[in-house]
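Trainee: Residues 1 to 1274 (full-length UniProt numbering) are what the sequence shown spells out, left to right. The C-beta atom is built at its ideal place from N, Cα and C for all residues, glycine as well. Bear in mind the structure is a predicted one, so any value in this text is a computation, not a measurement. One structure is given below, represented as structure tokens, and several questions about it will come after.
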Amino acid sequence: MSTDQHPYLTASPFSKLFYSWVSSLLSLRRKRPLEYNDIYDVLPDDQSEPWIDRLEKAWENEIVLSTKLAKKKQQPSLIRATWSIYRYRYGIIGIYLFIYTMLRFIQPFVLARFLRCLVPCSKKSFAEMICWAALNSVFPWLMFTIRHTGLSRGFLAGMHIRCAYHGLIFRKIVRLSMGSLGAQSSGKIINMMTNDVQTVEHLVLDGHFFWIGTLETIVVLAILWTHVGFTILLAMIYTLLVVSIQILCGKIMQIIWTKRVRQTDLRIKLMNEIVKSIHLVKMYVWERPFQLKVERVRRKETFYVILKSLMISVKIVNGYSFSLIFFLIVFGLLWYRRAPFNTDFFTIAFVLISYLRHTYLHGFATSCINLSQYWVAVQRIQAFLTVDEYNQSKMIIMQNEFNNKDKLTIDIQNLSSNWENASFHLRDVTFSAQTGELIIIIGSIASGKSSLLMTLLGEMKMTSGTIKLNRNARFCYVPQESWIFSGSIKENILFGMEFNEKKFNESIYAAGLDTDLENFQYGDSTLVGDNGIILSGGQKARLSLARALYRDEDIYLLDDPLSAVDVQVARHIFEKCILRNLRSKVCILVTHQIQFLKYATTIVFLDKGTQVASGTYAELYEMCPEFKQWTQTNTNNSRLDSLSTSEPTTPLNISALPDFITQLSLLTGSSSSNETEKLLTQTVEKPVQKQSEESKHTGAVSRWANAERIRYASKSTNDNCTVEDQSSIRNMTINEWYKKRDNYFYVLLGFVMLNIIILFLRTILYFLSTHISARTLHNQMFSSILRAPVLFFDTNPIGRIINRFSKDISSIDEKLSEVTYNFTEAFSSIVSTISFIVFIQPLSLISLIFVGTILERIRRIFSPTIRDIKRLESLGRSPIYSHLSSTIQGVPVIRSFGAQKMSTREFSHYLDEHSRACSIMLIMNRWVAMRVDSVVAAFIGLLTFSMLFVHRNLPVSDLGLILAYSFTLMGTVQWIVRLTIDVMMQMTSTERVIEYIDLKPEESSTIDELIVLSPQWPIGSIVFDNMSFRYSPDSSWVLSNISISIQPGEKIGIVGRTGAGKSSIIQSLFRMAELDGRILIDGIDTKQISLYELRRHISIIPQDPVLFNDTLRINLDPFGEYSDIEIWSALNEVQFKFDLIEGLQHQVTEGGLNFSVGQRQLICLARALLRKNRILLIDEATANVDHKTDEIIQLAIRRKFVHCTVLTIAHRLRTIIDSDKILMLSHGRVVEFESAHELLGDDKSYFSHLVLQAGHWEAEYLRHQAKKAAKSRK
């Protein structure tokens, strides 16, 4: 951030008027490329927070007003809310533009008076001629000064509105209920924040152009009426016809735009899902079906873009042909009536009709189209702002009737709730808790455990019952799927709170994260990436838990954090965190870990959304048969008997801790040697990568981008030149007709008709070709993204990637095509105008060359500066969308931590950072416009005074046309200079797209180097030959010198502490990053196998179950390879027995949120069963299911994959105890690799130590199962 004082604050009035205060940036750019720190901080008036607050207050007033007038069915209006806070500024901008418009009408009369002085019979004195010449020369300076002042204010006001809308939408997001948020796709929200809000930004000036266009039309017609009388009536009828066509086009475009944005929403949503789940997409080799799906949506989107362009073509033809036909009608009728002409009228009429052409082409018509788009956008935003919000306070009743006022008491009676538009209901839950009590929620998958926590948080709609608290307590929520935002570990834990070293270290230790931080190179300053991408599942769970502990709230809701970690870490967390750190809190824990149930004050047993029973462990075991049956199926009988007879029958209050931690330590086994403890607690130093900075090219736009631009616009340029040459001929013909109108009328008529036909065909072909090119660029970029290495996704935030597919693609679709078209049109117009002036007055060529030299000098100074600022502005957008995407995922956590204000402040900060570059970019455009118009105004002045000396040699009509055309240069030349830069600036979007197209693919081998596999490959043999693995060339090795051999059909259990490198084994088999050494499958080095063939022949059941927003069938079989019978068979094998009315066509919501985490894991298991590969990798696939379901799943895997090689990662030792071999990892190295029975026979083995950590009874059960499995293999 720039530390210097903003130069605007100390600038003189002259400097502010001519924008000279930005010259320091231009000077700095001549020395070196600009960086973000070089950009001035935003001015106080440009800061987003105040504008957001004002708009939010105005919108709240609209909500209140609509509630009061509900009987009149008055809806809240975002337009009214916006008007209420911007009307004064809007009025000031309107005054500037009104004055400029009036000066435009006066200017042709000043020109006509000057031309009267040049008539040969004129009796004007030379002094009077000089006065009129001076006035004619000063007028352009006055006009453009007022115009650019109004425009700069308008553009800045548009920026304020954009920021206010951004902030208003973001604040709504953090207030939305989970049901409402789930109904809004992420693609719709992102599209609304990028394209819809961008449309709103142009509202200020477009609104003015609309009424100015109407005013200009009325004034011009009135002036012409005074000269030609009733002759103008036919022209007025034609004008009304043109206006009607423009309005009709606007309405049609509104319909088209509505349909287009739906397709854009869908495309962005698909992109968001794919990028978030790219690891899974690559492992399943689903790139091709997703690519076809996105391209199909993009094809529909492009179709609507082309339809819109067809309407734009009608608008352009209307605008360009308007002045021709209008001129033809007026002067045709005069010709028909043989009415006399004079120089004054001809000059005034020519200039005024040219004004009308500009008004319709760049003012009224454009504003009609933009306002129709704004209407669609504001309706979408308004609908979003009126959806139901989260309101926990309405659900919780504060009471002071409880006996103990010193303790926090929560009382839940007959609680029922449901998700909106979902079949699942939570019914009749009743329990109470006080400070120091531990409530454990248990039940099978989809029993409603997470839904109960969501109801307590107010995220799930409560339909009946009560939740009572005796004081204003705060909840703190740890989700089952950890939410980690892009930042450092320290920032994730502090989460906006002040740093307290002692408290921080205590939280780290209690969450079991201290050892991990010691192994990270940057400690707690390690950047974790988007969604904690560099962390393992267990590390993310513990980081989420540490954040909650540091918060120090009243009621803790822990959604199964123990399932993501191994037995030893789970014991540590339960002992140090739940029993000790939370002993003075109310703790409500969801878990499948039965060994901890005896410590609960109250156990709440749920089944299919209904509370079966509640009470202590002993009470439920004795009095609830369902609970007894459930526990018996989730543990061994011997252990159950011991627990049932030895456990206390009185409830446990964890605030009265005394000996329970000691008891827990004794129960779980004696301590091992220091050496073993040290080795087992070591973790792999994960690839601690700094988040990559978004690339910012320097210098001119790349050659490829320029080549694309040339190809993009070359045809249009040629066509424009052709049309403008005809226009130039037409203008000369008009002049000749003025002299010899009887001979040239039909010639003019022919030129006009030919011009209209060519213009229409050229415009349609131009937009068609450019949109097809844009679609090709999009598809190439998406294809390249799908083939990029996972390192790219690990080091680039999702928001940055999505920004390329939303804002940059939108720029290419909309702005680039429009800007290049305008560029070619303006360039051709200038060429024809200059040619016309030089044709009539050859001596003017000298001054034109001089003017051109100065303008080129200005362009060279301005071009690199604005190019750098545009690139910085593009970079400034990415953090906005990254923060938005992260917030959408973490809304429940943000709310439970009361971090809404912190999150909105951070979002406002990102808006201000973007506004730094955006505001300077807007001012820079005015800077160059003022200087270019000054040069052209000087040329007009020089030309005007030169006519005092040459007027005797040329007809006055020719002099009038020269000056009239010179005035058109004033706006057009600065426009072409800015368009030249604007094309390059918009080509920055193309450059950013091409940058992604050029991404190096993860498949580095050529086809010639790859081995052709036999149809029987693989049998299942896997050999790790001195294999080392890391995620990037700059990171440390996460696996070191792994050398093991796995025979076909062997079942391998992989164990080790969280972060020991278990998941990296799976990553290396899929070649998610390049490795050192070799991995041989059936004797073939995996480096010699194409990634497609390698990954296609390996099945994976991932740690994070991912579902996509589509049908259940597509989620299981996107290629359509299996029949419905086969799919249902796979679902039955994994015990997926849930009521689905629509069967396999059941719609899965975004992220699979209409299924529980356990259900999602079952669906992922069914995917693996369908593929029938000989190698299966299971990464903590049953962590979030109960023990009974786990055993059913394991039985299905053993039965279906009996002849397959299976590698299983599991924290539950029961899951892998009967494996043929156990692979024990620590610190990325192999510690042990032998059968479980043999390892348990050695009391000094690391695996024996790990088993002891599970507790005495569990250890005995595991030894029994290992022995049983060993006998069965003999």
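(1) Taking the Cβ atom as the reference point for each residue, do A1210 and I1217 lie within a distance shorter than 7 Å?
(2) Can the beta-carbon of V197 be found closer than 7 Å to that of Y165?
(3) Based on the DSSP output, what are the partners of F751 in its beta bridges?
(4) Of the residues S1245, G876, E906, which one's Cα is nearest the Cα of A1236?
(5) Pop quiz: D46 and L156 are said to be a contact at Cβ under 8 Å. What is the actual Cβ separation, rounded to whole angstroms?
(6) Exposed or buried, what is A1259 when buried is set at 16 or more other beta-carbons lying within 10 Å of its beta-carbon?
(7) Using DSSP's beta-bridge definition, name the partner residues of N470.
(8) From R380 to I247, what does the alpha carbon distance come to, in whole angstroms?
(9) For D1104, does the three-state DSSP call read helix, strand or coil?
(10) Quick check on the DSSP output: the alpha helix (DSSP H) that includes Y621 runs from which residue to which?
(11) State buried or exposed for R153, treating a residue as buried only when at least 16 other CB atoms are found within 10 Å of its CB.
(12) Could you tell me the distance, in whole angstroms, from the CA atom of S486 to the CA atom of I92?
(13) Report yes or no: do the stretch 520-538 and the stretch 438-458 share at least 3 C-beta pairs separated by less than 8 Å?
(14) Can you grab the Cα-Cα spacing for the pair L142 / M253, in whole Å?
(15) So, is the C-beta of G537 closer than 7 Å to a C-beta in chain C?
(16) Among residues of its own chain, excluding the 5 on either side of S885, which ones have a beta-carbon nearer than 6 Å to its beta-carbon?
(17) Report yes if the CB atom of S309 is closer than 7 Å to the CB atom of F767, and no otherwise.
(18) Decide yes or no for the touch test of the stretch 204-215 against the stretch 174-188: beta carbon pairs closer than 8 Å, at least 3 of them.
(19) Buried or exposed, going by whether 16 or more other CB atoms sit within 10 Å of the CB of Q663?
(20) So L816 packs on Q986, CB below 8 Å; how close in whole Å?
(21) Any contact between the stretch 428-447 and the stretch 587-606? By contact I mean 3 or more CB pairs, one from each, below 8 Å.
(22) Once the 5 residues before and after E481 are set aside, which same chain residues still bring their CB inside 6 Å of it?
(23) Which residue spans inside the stretch 249-313 form an unbroken alpha helix (DSSP H) run of at least 4?
(24) Quick check on Y821: does DSSP put it in helix, strand or coil?
(25) Whose CA, out of A81, R32, S1068, Y881, lies closest to the CA of I52?
(26) May I have the straight-line CA-CA distance separating H1256 from F596, to the nearest angstrom?
(27) Whole angstroms is fine: what's the gap from I1163's alpha carbon to R296's?
(28) Can you give me the C-alpha to C-alpha distance between F98 and Q974, rounded to a whole angstrom?
(29) Taking the runs of the alpha helix (DSSP H) that are 4 residues or longer, which of them lie wholly in the stretch 1002-1075?
(30) Tell me, which residues are paired with K68 by DSSP?
(31) If I'm right that L549 touches P561 with Cβ under 8 Å, what's the distance once you round it to whole angstroms?
(32) Quick one: what does DSSP say R409 is sitting in, helix, strand or coil?
(33) Can you tell me whether L969 is buried or exposed, with buried defined as 16 or more other CB within 10 angstroms of its CB?
(34) Which whole-angstrom value is the C-beta distance of N418 and L426, which I expect to be below 8 Å?
(35) Determine whether the beta carbon atoms of S27 and W21 lie at a separation below 7 Å.
(36) In terms of DSSP beta bridges, what is S12 paired with?
Mentor: If we stick to the structure as given:
(1) A1210 is not a Cβ neighbour of I1217, given a cutoff of 7 Å.
(2) With respect to the 7 Å criterion, V197 and Y165 are classified as neighbours on the basis of their beta carbons.
(3) DSSP, once it has assigned bridges, lists no residue as partnering F751.
(4) Per the C-alpha coordinates, the member of S1245, G876, E906 positioned closest to A1236 is S1245.
(5) Rounded, the Cβ-Cβ distance is 7 Å, consistent with contact.
(6) It is buried - the Cβ of A1259 has at least 16 other Cβ atoms within 10 Å.
(7) Its beta-bridge partners do not exist; DSSP assigns none.
(8) Pairing R380 with I247, the inter-Cα distance amounts to about 21 Å.
(9) In the structure shown, D1104 sits in coil (DSSP, three-state: anything other than H, G, I, E or B).
(10) For Y621, the enclosing alpha helix (DSSP H) has its first and last residue at 617-623.
(11) Answer is buried; the Cβ neighbour count reaches 16.
(12) As the crow flies, the alpha-carbon of S486 is around 43 Å from that of I92.
(13) Look at the beta carbons and you see the stretch 520-538 not touching the stretch 438-458: under three pairs across the two are nearer than 8 Å.
(14) Taking the straight line from one Cα to the other gives about 37 Å.
(15) Absent here is chain C; the protein component of the structure consists of one chain.
(16) In chain order, I798, G799 place their CB closer than 6 Å to the CB of S885, counting only its own chain and leaving out the 5 sequence neighbours on each side.
(17) Contact: yes.
(18) With contact defined as three or more Cβ pairs closer than 8 Å, the stretch 204-215 and the stretch 174-188 are not in contact.
(19) Reliability fails at Q663, whose pLDDT of 40 lies under 50, so the model's placement of it is uncertain and no value is given.
(20) Confirmed, about 4 Å.
(21) Touching, yes.
(22) If you ignore the 5 residues before and after E481, its C-beta comes within less than 6 Å of no other C-beta in its own chain.
(23) Listed in chain order, they are 278-284.
(24) Looking at Y821 - three-state DSSP - the assignment turns out to be helix.
(25) The residue with the shortest Cα to Cα distance from I52 is A81.
(26) Taking the straight line from one Cα to the other gives about 13 Å.
(27) C-alpha separation (whole angstroms): 26 Å.
(28) In a straight line, the C-alpha of F98 is about 21 Å away from that of Q974.
(29) Taken in chain order, the complete alpha helix (DSSP H) segments of 4 residues or longer contained in the stretch 1002-1075 are 1062-1069.
(30) Per DSSP, K68 has no beta bridge partner at all.
(31) Between P561 and L549 the Cβ distance is about 11 Å, and since that is not below 8 Å, they are no contact.
(32) Note on residue identity: the sequence assigns Thr, not Arg, to residue 409. Strand at T409.
(33) So L969 counts as buried.
(34) Going by Cβ atoms, the distance from N418 to L426 rounds to 7 Å, so yes, they are a contact pair.
(35) Result no, Cβ atoms of S27 and W21 do not sit closer than 7 Å.
(36) Its beta-bridge partners do not exist; DSSP assigns none.
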